[in-house]
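Visitor:
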Amino acid sequence: MIIRCLVVLAFFSFSAAAFAQGPNTPRAEEIKVFHECLQKGGLVFNDRVQCIGKVFEHCAMKLQDQTSMGMRECYARETALWEKMILNSEKELRRNENKATKTELVETGRNWKAFRNNACNIPYAMNPKGTLAPVLGMECFNRLTGLWALQLSEFATPLGN
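According to mature numbering (1 follows the signal peptide of the UniProt record, and there is no 0), the stretch in the sequence shown is residues -20 to -1, 1 to 141, in order.
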């Protein structure tokens, strides 16, 4: 149930209106940190994986964000960037691939979202009344979204093409 609330929250945070303003909207300096890290990682997947959490770290360094609510907002901001990367990669894959690949992409996306949502519900199951569970859930949500974004990006632009 809680993960459903997170999914709904994430959905609203990624809508066009929410992306234009609000606490979950990545700031210009966070977007810069994100893109600089990915550029530095180049074509090496493991180097690009090191970018997961960089926007959160940049955001959370601010004193006002060192609360559980602030940490959740920082994770939401980074997750919004990974989600945008996923959408761009999916768009590229749909444009360049055959019908079988497009069908597989839809099915895989559905299965991946179910896995991510279930996996990231574990902190809530372990500690349903704890204040740390939402932070751990958002951290998991961000990490798995980042990994999927990087994987799809690699599929969409093999060998950096």
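For each residue, glycine too, the CB sits at the ideal point set by N, CA and C.
Assuming M41 is part of the alpha helix (DSSP H), what are its boundary residues?
Guide: Translated into the one-based positions of the sequence shown, residue 41 becomes position 61. Looking at the DSSP string, M41 is not in any alpha helix (DSSP H), and its letter there is neither H nor E.
Visitor: Output yes or no for whether 8 Å exceeds the beta carbon distance between W62 and G126.
Guide: As a first step, residue 62 is located in the sequence shown; it is residue number 82 there, counting from the start. As a first step, residue 126 is located in the sequence shown; it is residue number 146 there, counting from the start. Against a cut-off of 8 Å, the Cβ pair of G126 and W62 comes out as a contact.
Visitor: Out of curiosity, what's the CA-to-CA distance linking G50 and F36?
Guide: By 1-based counting over the sequence shown, the position of residue 50 is 70. By 1-based counting over the sequence shown, the position of residue 36 is 56. The alpha-carbon atoms of G50 and F36 are separated by roughly 10 Å.
Visitor: Check S(-8) in the structure and name its three-state DSSP category.
Guide: Along the sequence shown, read from residue 1 onward, the residue named residue -8 stands at position 13. Legend: pLDDT at S(-8) = 47, less than 50; position of this residue unreliable, no value from coordinates given.
Visitor: May I have the straight-line CA-CA distance separating S133 from P103, to the nearest angstrom?
Guide: Sequence index remark: in the sequence shown, residue 133 carries index 153 (1-based). Sequence index remark: in the sequence shown, residue 103 carries index 123 (1-based). The straight-line gap from Cα to Cα measures roughly 28 Å.
Visitor: From F121 to N78, what does the alpha carbon distance come to, in whole angstroms?
Guide: By 1-based counting over the sequence shown, the position of residue 121 is 141. By 1-based counting over the sequence shown, the position of residue 78 is 98. Straight-line measurement puts the Cα of N78 at about 30 Å from the Cα of F121.
Visitor: Secondary structure at P103, three-state DSSP: helix, strand or coil?
Guide: Position 123 of the sequence shown, counted from the start, is the residue given in the question as residue 103. Helix, per DSSP.
Visitor: Quick one: what does DSSP say E87 is sitting in, helix, strand or coil?
Guide: Indexing the sequence shown from 1 puts residue 87 at position 107. In this structure, E87 counts as helix in the three-state DSSP scheme.
Visitor: To the nearest angstrom, how far is it from the Cα of L73 to the Cα of F135?
Guide: Residue numbering aside, residue 73 sits at position 93 when the sequence shown is read from its first letter. Residue numbering aside, residue 135 sits at position 155 when the sequence shown is read from its first letter. About 8 Å.
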